[in-house]
Amino acid sequence: MTNAEIEAFLAVAEHKSISKAAEVLFINQSSLSTKIKTLESQIGFCLFIRAKGSRGIALTDEGKKFLPLAIKYQSIINEMMAIGSENAPKKLRVSSVNSTSTYLFMPVYDQFMLKMPNVILETQDLESRPAYTNMEAGLTDIAFTTKEIATKKFVSFPAFSEPLVFVCYTSSNYKSPVNLLDLDIKNEIYIPWSNDFEQWHIDKFGEWHQPKIQLQTMNQLEFFLRKPDKWALVPASAAFSLIKSRDIVKHVINFTVPAKVTYCVHVRDKQKQDLISCFLDCLREHLEEMTETDIKIYI
């Protein structure tokens with residue numbers, strides 16, 4: 408048997424549902440069912456039965472006896488894995504979406520390394536679901552995402568939220584306050600900041616009206632913004648960085664756009680807790696310095 412099969416068994420036992428367990432483990436239901444069947448084949452008895460009058464599933468009598476042993480098995484595996492890390496240098500693996508790492512986290516990384524000079528800092532640019540997958544695989548310690556997925560395995564909470572700001576090239580023909588009806592979607596530089604923003608965009612512009620420029624990473628944003636009459640709605644932290652360049656400006660808007668909420672998710676690991684707390688302190692200090700951005704801080 409493998410640790411992945413034991414983890415699959417424990418997830419189904421906890422959630423009493425194949426679909427929910429698969430969601431938590433970030434694998435498809437077919438793969439999860441295969442792991443359970445393989446485990447049952449190896450140990451020689453069934454672990455689950457369909458609960459009467461319920462769509463959920465329950466442990467068999469053998470499964471109930473197997474459960475505490477599986478928990479103990481996983482605990483032993485974790486202890487074995489920890490042996491090799493006792494004398495290794497501490498490492499913090501931080502994941503964030505590209506816009507956050509590009510426009511917000513650079514000074515946070517710098518401050519963290521000043522406070523923790525002997526720690527190895529590993530940064531990762533990952534969207535929300537790959538970040539959760541990485542955490543499940545033990546490859547990420549703390550992630551900043553635009554989506555929150557409830558799980559007992561990790562600590563999860565809103566870290567901060569920021570308004571979206573209108574930015575454009577200085578010579579463009581826009582003046583404050585900008586009216587939504589005056590904006591040509593063909594000139595928009597579109598970035599899908601969040602599900603709420605994507606839905607707002609569809610509601611306001613229509614599903615079939617698509618911007619000509621659509622970006623997933625930030626390294627091309629400044630280039631396209633310097634084209635006349637191009638415009639974008641960007642998080643306040645990005646605008647704060649962009650307008651430091653004299654040829655990009657922000658304007659007040661007379662319409663409401665959903666704020667971008669960034670969630671923090673981190674592992675429940677006592678050995679990492681001091682590093683995680685330090686990183687969050689550095690982040691909070693940096694956000695507090697950005698007073699003109701109207702960023703709401705929750706950490």
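In the numbering used here, the protein residues as written are 408 to 706.
Glycine is no exception: its CB is placed at the ideal position from the N, C-alpha and C atoms.
Query: For the beta strand (DSSP E) that contains Y576, what are its first and last residues?; Result: 571 to 576
Query: Enumerate in chain order the residues of its own chain whose CB-to-CB distance from K423 is below 7 angstroms, with the five nearest sequence positions on each side excluded.; Result: G463, I464, A465
Query: According to the neighbour-count rule (16 or more other Cβ atoms, all chains shown, within 10 Å of its Cβ), is V659 buried or exposed?; Result: exposed
Query: Helix or strand or just coil, what does DSSP make of K427?; Result: helix
Query: Beta carbon of L439, beta carbon of I425: below 9 angstroms?; Result: yes
Query: Have a look at the DSSP bridge pairing and note the partners of F561.; Result: V674
Query: Run the CB neighbour count on E513, radius 10 Å, all protein chains shown included, and call it buried at 16 or more, exposed below.; Result: Sequence inspection shows Met at residue 513; the Glu mentioned does not correspond to that position. It counts as exposed.
Query: Give me the residue from S535, P565, S648 with the minimum Cα distance to L687.; Result: P565
Query: Which one of E412, I549, F519, I450 has the shortest CA to CA distance from A481?; Result: Checking the sequence shown, residue 481 turns out to be Gln, not Ala. Of E412, I549, F519, I450, the residue nearest in Cα terms is E412.
Query: To the nearest angstrom, how far is the alpha carbon of P537 from that of A418?; Result: 19 angstroms
Query: When the Cα of I443 is compared with those of V501, E414, Q627, which residue comes out closest?; Result: E414
Query: Just tell me which of D701, L690, K703, I706 has its CA closest to the CA of L511.; Result: L690
Query: List the residues that DSSP assigns as beta-bridge partners of W638.; Result: C575, E595
Query: The beta strand (DSSP E) spanning E529 covers which residue range?; Result: 527 to 532
Query: Using DSSP's beta-bridge definition, name the partner residues of R500.; Result: E529
Query: What is the C-beta distance between N661 and P584, in whole angstroms, given that I count them as a contact (C-beta under 8 angstroms)?; Result: 4 angstroms
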